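Down below is the structure, laid out as structure tokens.
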Amino acid sequence: MTIAERLRDRAEQLTRSERQLSDVVLQNYPVSGLGTITSLAEAADVSTPTVARLVQKLGFSGFPDFQRSLRAELDEKISSPLTKRERWVDDAPDAHILNRFTKAVIDNIGQSMAKVDPADFDKACSLLSDEKRRVFVVGGRITRTLADYFFLHLQVIRDKVVHIPSNSNAWPHYLLDFEPGDVVVIFDVRRYENSTLRLAEMAGERGVEIVLFSDQWGSPIAQHASVCFTNHIAAPSAWDSNITTMLIAEIVISEVQERNWDTTRPRMEALEEMFDRTRFFRKF
């Protein structure tokens, strides 16, 4: 587990001062924990013994051990595809890649599903199924394919769904139309994109709800999100795996479809009629 995951899992076991400290660590995670123990205590307005107690509750022998783990996480977050490949090649077991990759994906699914809070899931589905709200969907350089997939299905399910192009020079035009209560679905995994973060910040200023699909390290956008799905994505490859993110996205799509079925069914029937009239698909 990442330190952020440990902090969230143990939130109910922390004292008031420790929760205050935890909030500060998570605000600009993981960089917020890389200064001195004194500077972190001052930023959270707690004592240095409180910092020491918290890191021990998280399972670390002391503050240096805590920071070593943070640095390792930061190194993972900013890793390029070349760096990731070098790591897994050096550590790769003798088993065939078919087995190794499949095992990594299954492990990712297990760890990710264990972290999904049903309340957060229900909140995301409630936001997305509320037809009074407009929904905007956007991804990044790689995750735009996930955003396109999510948009295509959601557009069939309900109206008022807009796909924002991933190129950063286009989204300010969509930002003009954001209104309080609208929802922006964002896909953002390491290496997190600055333009997407700016979009999230400015959307938040306009009272927009953000549903974020990210990775186990957590995009900086998480601090602006109403709901954040943190999916495990590491795989024995130069590229991260999007399978877990796709899985959660498809479950959300399925639930929103069921919640909106009374209005979704006639939309789908009308769409099928259009397909038949245009002979879009082959008939056997």
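Start counting the sequence shown at 1; every next residue gets the next number (full-length UniProt numbering).
Built from N, CA and C at the ideal position, the CB exists for glycine as well.
This structure is a prediction, so every number in the text was calculated from the model and none was measured.
Bridge-paired residues (DSSP) for residue i
i: S214; result: T230
i: F136; result: V162, V184
i: E12; result: Its beta-bridge partners do not exist; DSSP assigns none.
i: E209; result: V183
With 16 other Cβ atoms within 10 Å as the buried cut-off, status of residue i
i: D276; result: exposed
i: G139; result: buried
i: P220; result: buried
i: S112; result: buried
i: I253; result: buried
i: Q245; result: For the record, residue 245 in the displayed sequence is Thr; it is not Gln. T245 should be labelled buried.
i: G62; result: exposed
i: P118; result: exposed
i: H96; result: exposed
Contact under 8 Å by Cβ, residue i with residue j
i: L21; j: A52; result: no
i: V161; j: V137; result: yes
i: L175; j: L199; result: yes
i: I186; j: L212; result: yes
i: T263; j: E179; result: no
i: F101; j: P236; result: yes
i: V184; j: I210; result: yes
i: S32; j: L127; result: no
Whole-number beta carbon distance between residue j and residue i, since they are thought to touch under 8 Å
i: G207; j: H224; result: Wrong, their Cβ atoms sit about 12 Å apart, outside the cutoff.
i: L70; j: L34; result: 6 Å
i: F229; j: V116; result: 7 Å
i: A234; j: D240; result: 6 Å
i: N260; j: R158; result: 6 Å
i: T50; j: S17; result: 5 Å
i: L7; j: V25; result: 7 Å
i: W217; j: E73; result: 6 Å
i: R279; j: V156; result: Rounded, the Cβ-Cβ distance is 19 Å, inconsistent with contact.
i: R144; j: S166; result: 4 Å
Selection from the options that minimises the alpha carbon distance to residue i
i: P64; options: E42, T38, F121; result: T38
i: I109; options: D215, T196, R259; result: D215
i: D75; options: R191, R279, I243, Q155; result: R191
i: E255; options: I106, K123, L98; result: K123
i: I243; options: A95, I106, F151; result: I106
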